[in-house]
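In what follows, a structure is listed as structure tokens, so that the remarks can point back to it.
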Amino acid sequence: MIDEADIGFLVAPDEAPSKREIVRVALRLFVRDGLCAASLRDIAAASGYSSTVLYKFFESKDALARYLFERCYELVASRLGAAVRPDRDFRGNLRSLIEAAGRLLAAQPAAVLYTSELVRLMWPGAPERLRRHSIVHLLTGLFQQGVDEGVIEDAREIPYLIATLVGSFSQYAKLRTFGEFTGAPEEDAAVLGRIVERTITAARGGDVHRGRDA
4 MIDEADIGFL VAPDEAPSKR EIVRVALRLF VRDGLCAASL RDIAAASGYS
54 STVLYKFFES KDALARYLFE RCYELVASRL GAAVRPDRDF RGNLRSLIEA
104 AGRLLAAQPA AVLYTSELVR LMWPGAPERL RRHSIVHLLT GLFQQGVDEG
154 VIEDAREIPY LIATLVGSFS QYAKLRTFGE FTGAPEEDAA VLGRIVERTI
204 TAARGGDVHR GRDA
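Counting from 1 along the sequence shown, just add 3 to a position and that's the residue number in this note's numbering.
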């Protein structure tokens with residue numbers, strides 16, 4: 004689920020091999036078993052290192068969990084943020100963002116799932132550098148662009164559209180992480196993206212929106 008080659012976003016390549024293995028195993032166990040159920044002793048045992056080694060890098064399970072959340076959130080926020088450009092129209096930006104989310108889900112479903120599962124717990128104490136790249140703020144701006152361009156009828160829909168987009172991809176990440184989707188992840192993500200895009204840009208009001216988009 005999380006290979007050694009895939010953990011560059013979690014820890015620098017010049018970090019100690021013990022730390023690299025500990026954070027890889029910790030993310031896997033936190034996602035699989037839940038934050039409460041996975042103990043530091045479990046993580047140490049699964050990583051092949053002693054608890055003493057683990058405590059060299061993290062003073063507590065909370066510190067380790069927060070470290071992982073920040074790294075996973077930074078990955079997700081940076082990939083999605085790079086997909087939205089000011090010189091592109093709303094539909095183009097939405098499609099680009101969905102494609103970026105699909106690639107991220109294919110490559111790092113555990114990071115997406117961990118971010119979505121822990122954001123309510125971790126966000127109140129998140130550092131300023133994370134808050135400057137809020138995913139909700141990014142999506143609010145994107146959907147406001149849709150309102151400004153007449154694709155979305157009412158700005159009051161924005162929170163619900165954010166919930167639709169985030170919820171769909173988060174649930175997919177959960178199902179894929181636990182083996183409910185066994186096909187090629189890129190194909191699954193492409194299908195999910197088309198469904199989400201149709202939902203978000205559905206023509207409410209019939210020909211009115213089609214006329215605006217003509």
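Positions of the beta carbon are idealized from the N, C-alpha and C atoms, including for glycine.
Please read these numbers as outputs of a predicted model, since none were measured by experiment.
In angstroms with no decimal places, state the Cα-to-Cα distance between ALA48 and ALA41.
Taking the first residue of the sequence shown as 1, we reach residue 48 at position 45. Taking the first residue of the sequence shown as 1, we reach residue 41 at position 38. Distance between the alpha carbons of ALA48 and ALA41 is about 11 angstroms.
Among the residues of its own chain, which have a CB less than 7 angstroms from the CB of ARG201, if the five just before and after it don't count?
Here the question's residue 201 lines up with position 198 in the sequence shown. Once the five neighbours on either side are set aside, ARG201 has no close Cβ partner at all.
Whose C-beta lies closer than 8 angstroms to the C-beta of GLU189 among residues of the same chain, with five residues either side of it excluded?
Translated into the one-based positions of the sequence shown, residue 189 becomes position 186. For GLU189, where only same-chain residues beyond five positions count, the Cβ hits under 8 angstroms are GLY105, ARG106, ALA109.
Buried versus exposed call for LEU116 [16 or more other C-beta atoms within 10 Å across all chains shown]
Here residue 116 refers to the residue found at position 113 of the sequence shown. Buried, by the Cβ-count rule.
Span of the alpha helix (DSSP H) holding PHE72?
Counting from 1 along the sequence shown, the entry for residue 72 is found at position 69. First-last of the alpha helix (DSSP H) with PHE72: 64 to 86.
With H, G and I counted as helix, E and B as strand and the rest as coil, what does DSSP make of HIS136?
Working through the sequence shown from its first residue, we reach residue 136 at position 133. Three-state result, HIS136: coil.
Inter-residue Cα distance where the pair is SER54 and LYS64
Working through the sequence shown from its first residue, we reach residue 54 at position 51. Working through the sequence shown from its first residue, we reach residue 64 at position 61. Each residue's alpha carbon lies about 11 angstroms from the other.
Determine contact between the region 142 to 159 and the region 88 to 102, defined as no fewer than three beta-carbon pairs at a distance below 8 angstroms.
yes
Helix, strand or coil for ALA19, going by three-state DSSP, please let me know.
Within the sequence shown, numbered from 1, the residue matching residue 19 stands at position 16. Coil, per DSSP.
Taking its Cβ as the centre, do 16 or more other Cβ atoms sit within 10 Å of VAL14, making it buried, or is it exposed?
If you number the sequence shown from 1, residue 14 lands on position 11. Per the 10 Å Cβ criterion, buried.
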